[in-house]
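Participant: So the sequence shown is numbered by the numbering used here: it starts at 1 and just counts up by one. Just so it is clear, CB atoms sit at the ideal spot from N, CA and C, and this is done for glycine as well.
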Amino acid sequence: MFALFDDAGKFLAGRVMSEAESSMQIELDSGKRVKVKAANVLLKFDKPAPAELMAEGQALGQEIDLDLAWEFAPEGEFGFADLARDYFDAKAGVIQQAAALFRLYEAPHYFRRMGKGLFKKAPEEQVKAALLGIERKRQQALQIEAWAEELIAGQCPAGVREQIYKILFKPDKNGPEYKAVVEASKRSQQAPLDLLKGAGAISSPYQFHWKRFLFENFPKGTGFPALTAPAITDELPLAAVQAFSIDDSATTEIDDALSVQGLGSGTIVFGIHIAAPGLAILPDSPVDKVARERFSTVYMPGWKLTMLPDEVVQHYTLAEGRDCPAVSLYVTMDEATLEIRSRETKLERVPIAANLRHDKLDNTVTEASLTGEAPADYAFGAELRFCFRLARHLKAQREIVRGKPETFNRPDYTFRLDSNGEREPEGHETVSIGTRQRGAPLDLIVAEAMILANSSWGGWLNELGLPGIYRSQASLAPGVKVRMGTKALPHAGMGVAQYTWATSPLRRYTDLVNQWQIIACARHGRTAALVAPFKPKDAQLFSIISGFDAAYSAYNGFQSGIERYWTLRYLQQNAIHELTASVMKDGLVRADTLPLVFKALGCEGLARGSHVRVRITGIDEMTLDLHASLVERLDEAQAPDDAETVDEDDEAAGSGPLTLAIDLNDAQGSPESPAAPPAA
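(1) Can you give the Cα-Cα distance for Y206 and I164, rounded to whole angstroms?
(2) If we require 4 or more residues per run, which alpha helix (DSSP H) segments fall completely within the region 336 to 385?
(3) If you draw a straight line from the C-alpha of E339 to the C-alpha of K395, how long is it?
(4) On a CA-only basis, which of L258, L417 and R590 is nearest A353? Give me that one, please.
(5) Could you give the residue range of the alpha helix (DSSP H) that holds F542?
(6) Suppose you measure from the CA of T645 to the CA of M494; what does that come to, to the nearest Å?
(7) For the alpha helix (DSSP H) that contains H209, what are its first and last residues?
(8) Taking just the CA atoms, how far does F270 sit from G605?
(9) Could you check whether L506 and I272 sit closer than 8 Å to each other, using their CB atoms as the reference points?
(10) Apart from the five residues just before and just after D642, which ones in its own chain have a Cβ nearer than 6 Å to its Cβ?
(11) According to DSSP, simplified to helix, strand and coil, what is L43?
(12) Can you tell me whether H109 is buried or exposed, with buried defined as 16 or more other CB within 10 angstroms of its CB?
(13) Could you check if T567 is buried or exposed, using at least 16 other CB atoms within 10 Å of its CB as the buried criterion?
(14) Tell me the DSSP secondary structure of Q473 in three-state form.
(15) Just checking my contact of I26 with A3 at CB under 8 Å: how many whole Å lie between their CB atoms?
(16) Give me the DSSP bridge partner(s) of L329.
(17) Could you tell me whether the Cβ atoms of D29 and A51 are closer together than 8 Å?
(18) Count the other C-beta atoms from every protein chain shown that fall within 10 angstroms of the C-beta of A276, then say buried if there are 16 or more, exposed otherwise.
(19) With DSSP as the reference, label K10 as helix, strand or coil.
(20) Where does S296 land, buried or exposed, given buried means 16+ other C-beta within 10 angstroms?
(21) Rounding to the nearest angstrom, what Cα-Cα distance links Q143 and V597 in this structure?
(22) Any contact of the region 299 to 317 with the region 419 to 434, i.e. 3+ C-beta pairs under 8 Å?
(23) Consult DSSP for A391 and reduce its assignment to one of helix, strand or coil.
(24) Does the distance from the CB of G61 to the CB of G117 come in under 8 Å?
(25) Could you check where the alpha helix (DSSP H) with E311 kicks off and where it finishes?
(26) Which stretch, first to last residue, makes up the beta strand (DSSP E) that contains Q139?
(27) For Y87, which residues in the same chain have their Cβ closer than 7 Å to its Cβ, ignoring the five residues on either side in sequence?
(28) Quick one: measure Cβ to Cβ for I152 and R187, integer angstroms, because I've assumed they're closer than 8 Å.
(29) Got a sec? Which residues, its chain only, sit under 7 Å from V365 by beta carbon, not counting five neighbours each side?
(30) How big is the Cα-Cα spacing for T593 and R392?
(31) Measure the C-alpha to C-alpha separation of D194 and A581 and round it to an integer number of angstroms.
(32) If you drop the 5 nearest sequence neighbours on each side, which residues of the same chain put their C-beta closer than 6 Å to that of K10?
(33) Using only CA atoms, which one of V612, D620 and A231 lies nearest to G561?
(34) Can you look up L258 in the DSSP assignment and give me helix, strand or coil?
(35) Within 10 Å of its beta-carbon, does A291 have 16 or more other beta-carbons around it, so buried, or fewer, so exposed?
(36) Would W516 and P230 be called neighbours here (beta carbons separated by less than 8 Å)?
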C-alpha cells in the first residue's frame, strides 16, 4: 500500500512500511524512511506507483479550469476528493483526487486552505481582486522585460528616464523601473551608470550631479512662490556713520557692513551693521516659511540658489548709496590699547557709503598698506587700517584662549566659469581656479568683526535669559566636532566663550532666527524673554537646528562634489597629466595646487606628509573618481599637527568615488506566484 502525505506544505508519496494508530512509517522512492502523523496522510492507494501518481496528478491538475472548479465547489468547507468527484465524475480515482489536491493548494486566490486537505471558496470579490493582481504582475513582468531590452539596445524608456535619480539613489526596489535597470545591467554586464549613460538617460556628467542634487534636496523645483517683501514699519533713527561692506563681486546678499568713528580722538566706536530682515519678516509668515524650507543659500561655481528670492533680498540688502535698516553692534574701545569699554546694540537706518569688493581690492589693500609700510591711497584707507589693527588684536586674544595660534597652511580656492554667473552652468564651460590665502587682510577684517559680533550677541542673549542657536566645541582634541545647540557654551576652535550665527540673516536661516531674539533684546532689554519669539527649551528651536544641520550638510556636500567635478574638468581642459602632492593616509594624497584629494597607487606605504609626484591615469566625471600612480618621491615626510590630521580625516571622507543605492543582486520577483488572499 502507498500513501500521499503533506510534509510542511510539500506533497510526497511512498510505500507504507508500517502503520500505527497515530502514525505511519513510509519509505520514499529515494529509500529514505520517514515517520508521518496519520493526520498528515491525505490519500492511501494500491496503484499506481507513487512517482507515477505524483507525475500524472501534477499534469492533470494543470488542466483543471480554476474558474469552473470554483463554480462547482460547494459553499461550505469541502475536501479535495469531493471537488474531484464534482469536477471529473462521481468515480474519480486517486489520480483525479491528487490532481484536485495539487490544483486547489496552488490557487489560494480561489480557495482558502482550512486544514489538511480541506478548502473553502474565496469570496467572489477577493477572487476578482486577486486575478487583477496576478494580471498586473504579469503585465509588469512584460514591461520590465521590454524596458530591459530597450536599455540593452541603447535606448532609455521614458518611464526609466523619469525615475533615473530615484532608481540610483533612493530606489523602490519593487518598482518596475528599478528592476528593469538591474535586469539590463546583469544581461549586458555593464555598470548601471554606464548602461544609463549609453542609453542616453544621462545627458552629461554635470547634469547628472546637478539633477541628482535637485532630486534629493529640491524635489519641488528651485522656483519661488510669488512673495512680497514685507515692509519695515519701525521708525528707525538714522545712524551718524558712513558704513562700508566688504564682499566678493558675485555677492548679492550683502548682510554686513562696518564703520569706524573717532579716529585720532583716543576713543573708537567700531560699528558692525547687519541687514535687518528680522524687523519685517515674522515667524510663520509666507517669507519665513520659504526661508525655513531652504535653510540656506546653496553655493557652487558659477551659480547659486538663494535662500530667499532676489526681489526680497534686494529689499533688505545693504546696498551702496542707501540708508538701510540694520541691527548694529557698537563696540567702544580705547584707541591705543584696543581695550573694550562697552557694547551697545541699536536698531537703526545705516548709510551705506560703499560696497567694497575684495576680489578687486586684494592686490591694492595689502598688509603693507594697512600697517603703514606703504601708502593706503584707497577709499576708507584710515578706517581699514584701524580695522586691520583691531582684527589682528582680536585674533591674538582668541589664540591665547585657544592655547595655540590658528594656522592657515593651505589656501582657499576660487572657481570662476566663463559664463560669469549669467546663466545656469551646463558643464562644458571653461573653468579657472585661483587661490586666496586664508587670513588675507580683507578676509581677516571681516572674519574678526563677525566673530566679535556673534560672540557678543551670544553672550547678551544668555545674559538676558533668551535661548539662541549656538555653535560650540568642547575642546581642540582630535575628533571633537563643532555642535549646534541652544545653550551658550565655549567654542574652543574659535577661542570664545560662546558663539552664535547672527551675521548672515539673508543667507542662513539660523541667523534670521537669532536676529529675532536679538531684536527682542534691543527693544525690551531685561523683559525681552517675555516677548521673544522663542522661549527656553522651545521645541521649535530644536526642530530648526535639526533641519538646518541636515540641509547645511547636504549643501556643503554638494558644493564639495561639484567643485571636485570642475577640478577634474580643469585638469582635462589644461592637459595636466602629472601633479605634485602630499601623502595623507591609506594611499590618499592631496594635490599641492588644486583642491583635490585622491588615491594614488604606490603611495600606500609612504609616511604621512611625504611629498610625491603622481601621474594621472584616468578621470571619471560621473563617479568623480581620479586614478593616479606614483612617479617619484620628492622629499621626506613632515609630521602634521593635530588640526591637520582632523582635516585630513574630513577630506578623506569625500575623496572616494560616487556610491549608488542600486544592487545588482536584487532578483526580479516571479509574477506568476500570487499572494494568498487576505483573511476574512
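Facilitator: Considering the structure as presented:
(1) 15 Å
(2) 358 to 361 and 367 to 371
(3) So the two alpha carbons sit approximately 14 Å from each other.
(4) L258
(5) A539 to Q573
(6) Low per-residue confidence applies at T645: pLDDT is 48, beneath 50, and the placement is therefore not dependable enough to give any value.
(7) Start and end: P205 to N217.
(8) Between G605 and F270, the alpha-carbon positions lie close to 54 Å from each other.
(9) no
(10) At D642, the pLDDT of 49 sits below 50, so the modelled position is not reliable; the number obtained from the coordinates is stated separately. Excluding sequence neighbours, D642 sits near P478.
(11) strand
(12) buried
(13) buried
(14) strand
(15) 6 Å
(16) I272 and T345
(17) yes
(18) Answer is buried; the Cβ neighbour count reaches 16.
(19) strand
(20) S296 should be labelled buried.
(21) Note on geometry: alpha-carbon atoms of Q143 and V597 lie some 43 Å from one another.
(22) yes
(23) Reduced to three states, the DSSP call for A391 is helix.
(24) no
(25) Counting along the chain, the unbroken alpha helix (DSSP H) around E311 starts and ends at D310 to Y316.
(26) First-last for Q139: E124 to I152, but that is the alpha helix (DSSP H), not the beta strand (DSSP E).
(27) Only I64, A69, F72 and A100 meet the Cβ criterion.
(28) Confirmed, about 6 Å.
(29) By the criterion of a C-beta distance shorter than 7 Å, V365 is surrounded in its chain by Y378, L384, P441 and L442, once the five residues flanking it on both sides are discounted.
(30) 27 Å
(31) 30 Å
(32) Answer for K10: no residue qualifies.
(33) Per the Cα distances, D620.
(34) strand
(35) buried
(36) no
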